[in-house]
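A quick write-up on the structure given underneath.
Protein chains: 2
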Amino acid sequence: MAESGATNDDAGVPVPVPPLALRGATAGTWFASLRDRICAALEALEDALPDPPPSEPAGRFERREWVRPGGGGGVMAVMRGRVFEKVGVNISTVWGAFSADFRAQIPGAAEDGAFWASGISVVAHPRSPKVPAVHMNTRHIVTSRAWFGGGADLTPMWAAAPARDTADFHAALKAACARSDPGYYPRFKQWCDEYFFLPHRGETRGVGGIFYDHLDSGDFERDFAFTRDVGEAFLAIYPELVRRHLGQSWTAAEREHQLVRRGRYAEFNLLYDRGTQFGLRTGGNIEAILMSMPPEARWP
Amino acid sequence: MAESGATNDDAGVPVPVPPLALRGATAGTWFASLRDRICAALEALEDALPDPPPSEPAGRFERREWVRPGGGGGVMAVMRGRVFEKVGVNISTVWGAFSADFRAQIPGAAEDGAFWASGISVVAHPRSPKVPAVHMNTRHIVTSRAWFGGGADLTPMWAAAPARDTADFHAALKAACARSDPGYYPRFKQWCDEYFFLPHRGETRGVGGIFYDHLDSGDFERDFAFTRDVGEAFLAIYPELVRRHLGQSWTAAEREHQLVRRGRYAEFNLLYDRGTQFGLRTGGNIEAILMSMPPEARWP
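Rendered as structure tokens:
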């Protein structure tokens, strides 16, 4: 990987490659701006609900900053509204040293455990069982190496969820992948299916999407562009999927199905999710880490 | 540890020590008879609810047998009633070989991983936030060694839970310990406090009780008697605690508090509980393993 001060002359013209810290700042700035646009898009959906009950005002994000004792911190943005029962959009930039037992698991961290990490994470739990839940996360991690990771995946909570929702979600991510490398989509889709899998139940968490990690092609700009494309694809498709089902009513049985599916969602996050484990092990903010937990779930 | 065919002549008279398999059968028979008495006591509480709404019949346990592909099986008894929103009383007797990565963690299993295990597990989630949730589990495990483990702990779900409930629960367990060894209670109480702890939140799951594991004093009958005493203590005190609060009404805010506490309960079980991990790793019955999960929980 090119280090600070090296140059990238693919185009024949020497282009300064930013040092690692500057690259991180660049990624962090992007995550914050993406957060602003995602929050605005989801608030617009709160406003777009047809015939809202007068007792239910449109939700608005509330932001809360938190500081990580070991270094860095973040901003949690949470909205509890009439379309979204709970949705969190968190950004964080943290640094420090991994605990000894965690180092072996992280590329480039074995020696001194020093790390720097920045990312954005979105988890939406809509009120309506007809609106799919969604998760999107992208991150940039720097140890003695540096890479991007992330992805987006959809979890329908309605037994009769239309196949079109799934197809359109995947198509958006596939198009984002194609801009960087046509090989990414089949590879990252499979990775997602394997990752969001509950072995104890023999079932996937939802209908998948893409998942990637340790992405370091040797070209920071290229990998960063891909990560931005994933964010843009999410921002374009998810609000569209929500809009399709706004104003549809649901039955008590459909709500019950949703709450049971949310139980499986909680099982995955606590038993298997790498991001949750990463957060808990690095002393991240508990509320931010567990923002992904469903507002209500059932194990009947 | 005495092997099959050895004798125990503490009393001056040679007493045949049952071989491991027979000891296991003895423990298994006890767990099943304790299960019957616990189920009867909890069904009696369903009948004892004062002024029950006519639309809510008294709950009754439903039993379902399950077979473990690798060897053994169990019986799940579940009741969804008007006092108990969900309560499970499971017994299981399973055997086989631990997976390679699990062997190192289990005493006496390193060589071939062969194990035999039998136990009873109770988790009660009452409807009323004023009635504490409870967990009791005792088990006998045989590898190339053999031991008992288990305990009982209480989880009040009411912010204003009376200190007397906690005191009486602990007193019952302390008395059970005292019959075997006065040193057990302080040791096993502390173990419980350490075990049922959520490090990411810096809080205990509930108000504790006792927890013990790898109990092998060298005297099977003595250790088995202690384990029976734990079961008897649970059976005597928990229904009494429930009875105290039967018929008390509760507010929506108290229910909300209960549902949030139940979320913490779910976090503990999925993130940290050894029994859950044991079950998932040994291919136990998913419904039986996750019977401990709360029927409804919130992460607001």
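Going down the list, the protein sequences come from chains P and W. Residues 1 to 300 in this note's numbering are what the first sequence lists, from first letter to last. Residues 1001 to 1300 in this note's numbering are what the second sequence lists, from first letter to last. Beta carbons are placed, not taken as given, at the ideal position from N, Cα and C, and that holds for glycine. Nothing here was measured: the structure is a model prediction, and the numbers come from that model.
- Task: At 9 Å on the CB atoms, spell out the chain W contacts of residue 250 (chain P), in chain order.
- Result: Here the premise fails: no neighbours, minimum Cβ distance about 18 Å.
- Item | Cutoff 9 Å: residue 1266 (chain W) Cβ touching any chain P Cβ | Closer than 9 Å to some Cβ of chain P, the Cβ of residue 1266 (chain W) qualifies, so yes.
- Item | Backbone CA spacing between residue 209 (chain P) and residue 1075 (chain W) [nearest angstrom] | Each residue's alpha carbon lies about 39 Å from the other.
- What did DSSP end up calling residue 1291 (chain W) once you bin it into helix, strand or coil? Helix.
- Terminal residues of the continuous alpha helix (DSSP H) containing residue 237 (chain P)? Note, residue 237 (chain P): alpha helix (DSSP H), 220-245.
- Residue environment, residue 1214 (chain W), which counts as buried when at least 16 other CB atoms sit within 10 Å: That one is exposed.
- Item | Close beta carbons around residue 1107 (chain W), own chain, < 8 Å, minus the five adjacent residues each side | Cβ-Cβ distances below 8 Å link residue 1107 (chain W) to 1143, 1145, 1147 and 1214 in the same chain, with the five nearest sequence neighbours on each side left out; the list follows chain order.
- Would you list, in sequence order, the uninterrupted beta strand (DSSP E) runs of no fewer than 3 residues that lie entirely inside the stretch 1075-1156 of chain W? Correct list: 1084-1097, 1114-1126, 1133-1142 and 1146-1155.
- Message: Which residues of the stretch 225-254 of chain P have a Cβ closer than 7 Å to any Cβ of chain W? Give them in chain order.
- Response: Of all residues in the stretch 225-254 of chain P, none has a C-beta nearer than 7 Å to a C-beta of chain W.
- Message: Can you tell me whether residue 24 (chain P) is helix, strand or coil according to DSSP?
- Response: Residue state, collapsed to three classes: helix.
- Thinking C-beta only, is residue 120 (chain P) closer than 9 Å to residue 32 (chain P)? The beta carbons of residue 32 (chain P) and residue 120 (chain P) sit closer together than 9 Å.
- Could you tell me the distance, in whole angstroms, from the CA atom of residue 302 (chain P) to the CA atom of residue 46 (chain P)? Nothing in the structure corresponds to residue 302 (chain P), since chain P is present only between 1 and 300.
- Go ahead and label residue 258 (chain P) buried or exposed: buried means 16 or more other beta carbons lie within 10 angstroms of its beta carbon, across all protein chains shown. With 16 or more other Cβ atoms within 10 Å, it is buried.
- Message: In this structure, how does DSSP classify residue 1169 (chain W) when only helix, strand and coil are distinguished?
- Response: Correct three-state label for residue 1169 (chain W): helix.
- Query: What whole-angstrom Cβ distance do residue 1220 (chain W) and residue 1206 (chain W) have, given they're in contact under 8 Å?
  - Reply: Distance from residue 1220 (chain W) to residue 1206 (chain W) at the Cβ level is roughly 31 Å; contact not present, criterion being Cβ atoms closer than 8 Å.
- Got a sec: is the Cβ-Cβ distance from residue 1299 (chain W) to anything in chain P below 9 Å? Residue 1299 (chain W) counts as touching chain P.
- Starting from residue 1202 (chain W) and walking both ways along the alpha helix (DSSP H), at which residues does that stretch end? Careful: residue 1202 (chain W) lies outside any alpha helix (DSSP H) and carries neither H nor E.
- Task: Name, please, each residue of chain W whose Cβ falls closer than 7 Å to the Cβ of residue 200 (chain P).
- Result: Here the neighbours are 1280 and 1286.
- At 9 Å on the CB atoms, spell out the chain P contacts of residue 1296 (chain W), in chain order. Per Cβ cutoff of 9 Å: 259, 296, 297, 298, 299 and 300.
- What's the call for residue 1152 (chain W), buried or exposed, on a 16-neighbour Cβ count within 10 Å? Within 10 angstroms of the beta-carbon of residue 1152 (chain W) lie 16 or more other beta-carbons, which makes it buried.
- Message: Short of 6 Å in beta carbon distance, which residues of its chain neighbour residue 1166 (chain W), apart from the five on each side in sequence? Order them along the chain.
- Response: Counting only Cβ-Cβ distances below 6 Å, and skipping sequence neighbours, we find 1207.
- Who are the neighbours of residue 79 (chain P) on chain W, taking C-beta pairs under 7 Å? Annotation: residue 79 (chain P) has no Cβ neighbours in chain W at a cutoff of 7 Å; minimum Cβ distance is about 13 Å.
- Query: So is residue 111 (chain P) buried or exposed if we call it buried at 16+ other beta carbons inside 10 Å?
  - Reply: Around the C-beta of residue 111 (chain P), fewer than 16 other C-beta atoms lie within 10 Å, and the residue is accordingly described as exposed.
- Message: Using a Cβ-based criterion (distance less than 8 Å to any ligand heavy atom), does residue 165 (chain P) qualify as near the ligand NAD?
- Response: For the ligand NAD, the structure offers nothing, since it holds no ligand at all.
- Query: Of all Cβ atoms in chain W, is any one closer than 9 Å to the Cβ of residue 73 (chain P)?
  - Reply: Output row for residue 73 (chain P): interface = no.
- Please classify residue 1262 (chain W): does DSSP put it in a helix, a strand, or coil? Here residue 1262 (chain W) sits in helix by DSSP.
- Message: Determine, for residue 1263 (chain W), whether the minimum Cβ-Cβ distance to residues of chain P falls below 9 Å.
- Response: Using a Cβ-Cβ cut-off of 9 Å, residue 1263 (chain W) counts as an interface residue toward chain P, since at least one Cβ of chain P sits closer than that to its own.
- Quick one: which unbroken alpha helix (DSSP H) runs of 4-plus residues sit fully inside the stretch 19-70 of chain P? Chain order, please. Taking only runs of at least 4 residues, the alpha helix (DSSP H) segments lying wholly in the stretch 19-70 of chain P are 20-48.
- Residues of chain P with a CB under 7 Å from the CB of residue 1271 (chain W): which are they? Within 7 Å Cβ-Cβ: 270.
- Query: Apart from the five residues on each side of it in sequence, which residues of its chain come closer than 6 Å, Cβ to Cβ, to residue 23 (chain P)?
  - Reply: If you ignore the 5 residues before and after residue 23 (chain P), its C-beta comes within less than 6 Å of the C-beta of 220, all in its own chain and listed in chain order.
- Express the C-alpha separation of residue 1088 (chain W) and residue 138 (chain P) in angstroms, rounding to a whole number. Their backbone Cα atoms lie some 41 Å apart in a straight line.
- Item | Beta carbon of residue 77 (chain P) nearer than 9 Å to that of residue 103 (chain P) | Cβ atoms of residue 77 (chain P) and residue 103 (chain P): not closer than 9 Å.
- Item | Nearest candidate by alpha-carbon position, reference residue 1050 (chain W), set W:1249, W:1037 and W:1253 | The closest CA to that of residue 1050 (chain W), considering only W:1249, W:1037 and W:1253, is found on W:1249.
- Task: Give a yes or no on whether the minimum CB-CB distance between residue 34 (chain P) and chain W is below 9 Å.
- Result: Contact with chain W is absent for residue 34 (chain P), since none of that chain's Cβ atoms lies less than 9 Å from the residue's Cβ.
- Message: Can you pull the chain P neighbours of residue 1290 (chain W), defined as C-beta to C-beta under 7 Å?
- Response: For residue 1290 (chain W), the chain P residues whose C-beta falls within less than 7 Å of its own C-beta are 299, listed in chain order.
- Can you list the residues of chain P that residue 1076 (chain W) reaches, using a CB-CB cut of under 7 Å? Per Cβ cutoff of 7 Å: no residues; residue 1076 (chain W) is ~13 Å from chain P at best.
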